[in-house]
Structure formats: structure tokens, C-alpha cells
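Remarks on the structure that follows.
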Amino acid sequence: MIVEGICVVIAVYCAVRAVFEPKTLKKLPYLNVMNFAVAGTIVLLIPHPITVFAAIAYFIGSTLESNAIASTFAQLEGE
Amino acid sequence: MTDLILILAIFLALFGGIAALVVRSAFDKLICLGILTAGAVLFLVEKGYLDAAIVVSLLMPVGTIFILLLLGKKREAAK
Chain A
2 MIVEGICVVI AVYCAVRAVF EPKTLKKLPY LNVMNFAVAG TIVLLIPHPI TVFAAIAYFI
62 GSTLESNAIA STFAQLEGE
Chain B
2 MTDLILILAI FLALFGGIAA LVVRSAFDKL ICLGILTAGA VLFLVEKGYL DAAIVVSLLM
62 PVGTIFILLL LGKKREAAK
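Line by line, the protein sequences are chains A and B. The numbering used here applies: residue 2 is where the first sequence begins, and numbers increase by one. The numbering used here applies: residue 2 is where the second sequence begins, and numbers increase by one.
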């Protein structure tokens with residue numbers, strides 16, 4: 002039970018850090034750390050075989066989302 | 002310990018939503034929506050609705066990518 006608690010505390014810390022960071026491109030690493038921590042928490046939370054698929058789906062979706070935000074922002078900044 | 006994870010998931014979702022209301026830039030709003038979705042998925046997994054968590058995780062980046070496709074045409078959105 003301790004490990005999930007540590008993962009969730011890391012996720013909350015990185016969410017607070019990402020919101021209060023002033024620059025947009027510096028928010029994105031904290032968002033990635035929060036997504037990794039949440040994916041780890043999903044696997045560790047309940048003992049059920051479908052949690053692996055839930056974690057895989059969340060990992061793919063959140064990585065796709067944050068990379069799409071980063072690439073669009075960089076494209077707008079470069080012009 | 003389980004109550005701690007539940008409370009932190011609710012805090013994550015509420016914090017992301019309130020930050021998405023307060024923050025000015027459009028990309029920062031999308032990042033805050035990502036934090037909100039992380040809290041919601043963690044809450045769903047904690048309650049045991051794994052199928053709903055999988056569907057939410059896979060449909061979250063679709064909406065974000067549609068918003069980014071509209072946002073990529075506006076030059077002033079990057080400020």
C-alpha cells in the first residue's frame with residue numbers, strides 16, 4: 002500500500018508544479034512525470050488482470066496528447 | 002491508505018479544473034485539462050470501473066488533437 006501512496010504523491014506534486022510553472026514548454030516535462038506516476042498507480046492499485054490494459058491505454062493516450070501539444074506549440078513558435 | 006489515494010485523485014481533478022478556468026493561455030488550458038483527466042482516470046480505477054477508464058484514456062487525446070488542429074491556425078494562441 003505504501004508504493005501506490007508514493008506514486009500518487011509524486012503525481013500531485015508534479016501537477017502542482019506544472020500548473021505554477023510560468024513557461025509553457027517547461028510545463029510539459031512535469032506533465033509527463035505526472036502521467037507516468039498515474040500509469041504506475043493504475044497498475045499497482047487493484048489486483049485485477051485488466052489493470053494492465055488500462056495502464057497501457059492511459060500511457061499511450063497521455064503520451065500522444067502531450068506530444069501533440071508540444072509539437073503544435075513548437076510549430077507556432079518557430080514561424 | 003485507500004482513502005488517501007481517493008482524496009488525492011479528487012484533489013487532482015479539482016485542481017486541474019480550477020487551474021483550467023484561471024489560466025489565460027490556450028496551451029496551458031490544454032495542459033490543465035490533461036491534469037483533470039488524470040484525476041478522473043485515477044478515480045475510475047480506484048472505484049473499479051476499468052472498462053470506463055480504458056475508454057476515457059483512449060478518447061482523451063482525440064478531443065485534444067481536434068482542438069489543436071483548430072488552434073494551429075491561430076498565430077496569437079501561442080502567447
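Each residue gets a CB set at the ideal place from its N, CA and C atoms; glycine is no exception.
The DSSP-derived three-state label of residue 50 of chain B is coil. Just so you know, the alpha carbons of residue 46 of chain A and residue 3 of chain A end up roughly 11 Å apart. Secondary structure note for residue 26 of chain B: it is in no alpha helix (DSSP H), with a DSSP letter that is neither H nor E. Take the alpha-carbon of residue 35 of chain A and the one of residue 62 of chain B: they are about 16 Å apart. Judged by beta-carbon spacing, residue 67 of chain A lies beyond the 8 Å limit of residue 18 of chain B, meaning their Cβ atoms are not closer than that value. A distance below 8 Å separates the beta carbons of residue 62 of chain A and residue 59 of chain B. With contacts defined by Cβ atoms closer than 8 Å, residue 57 of chain B and residue 38 of chain B form a contacting pair. Straight through space, the alpha carbons of residue 7 of chain B and residue 47 of chain B are spaced by roughly 7 Å. For residue 70 of chain A, the uninterrupted alpha helix (DSSP H) run begins and ends at 52-79, by DSSP. Assignment of residue 35 of chain A by DSSP, reduced to helix, strand and coil, places it in the helix class. Spanning the alpha carbons of residue 65 of chain B and residue 14 of chain A requires a straight line of approximately 24 Å.
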